[in-house]
Ligand code: PRT
Ligand code: ZN
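Residue numbers (the UniProt record's numbering): 1 to 211.
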């Protein structure tokens, strides 16, 4: 029996995910264009997937565990357990408006048009704050929406802030702080749980050594 882990095929979390496994003493044949591979010294099968698909695969039990941004886990609303924060892929999901806009509080978003790739999280944020606004879901290049007249505000991931800056936007609210997490299926067998615990033990040792 092997534990099946889903990691991002390519993108911001790919390299750090592989690195974490390596630091846990797990060697994998990292074929670049492969869909899956196996560890040579741990009962682990590795699936390379788009990050957006990872929560669904875990909920369905196609993968037992996965490494994905907390932001994606929350947005997709799938039944998965977050078992460990991993300390990389750190970012925040923030509201931003054009630099020239006079913004004082979340009330300034009332009846505005907000462009985002995270409609579920934004909806929840607005609700918690008693704000009604129009959410425009777009899948990429969210930061250009205000400039082309598509929206009054955006809600997007930010790390250094340079993308916002370069697009004449300013960050006005932090909606969510996020980092990569290890997520697991609700229904693991006892055998799978033993393997997960073994892996978790190593991950925690790696994380402790870094602090
Ligand atoms: O192909 P696939 O669907 O798997 O990848 P993707 O393109 O959807 O995701 P990817 O690789 O961009 O991001 C994967 C995960 O990395 C995200 O879900 C976050 O959890 C995390 N992460 C950390 C980030 C960032 N930092 C980040 N800065 N994801 C995206 N960004 C983008 C942001 O959307 C904006 O366009 O970077 C830009 C802002 O960066 P700064 O540094 O200019 O502020
Ligand atoms: Zn994605």
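For glycine and all other residues, C-beta sits at the position ideal for the given N, C-alpha and C. Source: prediction; values computed, not measured.
Ligand 2 and residue i: does any heavy atom of the ligand fall closer than 7 Å to the residue's C-beta?
i           : result
residue 156 : no
residue 12  : no
residue 15  : no
residue 108 : no
residue 207 : no
Could you tell me if the beta carbon of residue i falls within a distance shorter than 7 Å of some heavy atom in ligand 1?
i          : result
residue 71 : yes
residue 36 : no
residue 89 : yes
residue 76 : no
Please report the straight-line C-alpha distance between residue i and residue j, rounded to a whole angstrom.
i           : j           : result
residue 139 : residue 116 : 7 Å
residue 92  : residue 177 : 4 Å
residue 232 : residue 6   : Because the chain here runs from 1 to 211, residue 232 falls outside it and cannot be looked at.
residue 182 : residue 159 : 20 Å
residue 157 : residue 186 : 28 Å
residue 102 : residue 146 : 15 Å
residue 199 : residue 4   : 12 Å
Let me know the secondary structure DSSP gives residue i once reduced to three states.
i           : result
residue 179 : coil
residue 15  : helix
residue 71  : helix
residue 201 : helix
residue 4   : strand
residue 128 : helix
residue 121 : helix
residue 84  : strand
So the candidates are the options; which of them puts its Cα closest to the Cα of residue i?
i           : options           : result
residue 165 : 194, 100, 49, 111 : 100
residue 10  : 205, 196, 51      : 51
residue 89  : 96, 35, 68        : 68
residue 143 : 8, 133, 171, 55   : 171
residue 79  : 86, 87, 22, 65    : 65
residue 173 : 184, 108, 207     : 108
residue 204 : 190, 84, 189, 105 : 84
Indicate, with yes or no, if ligand 4 has a heavy atom lying under 7 Å from the CB of residue i.
i           : result
residue 163 : This structure lacks ligand 4; the ligands present are ligand 1 and ligand 2.
Just to confirm, is the Cβ distance from residue i to residue j under 8 Å?
i           : j           : result
residue 58  : residue 46  : no
residue 148 : residue 169 : no
residue 97  : residue 152 : yes
residue 82  : residue 70  : yes
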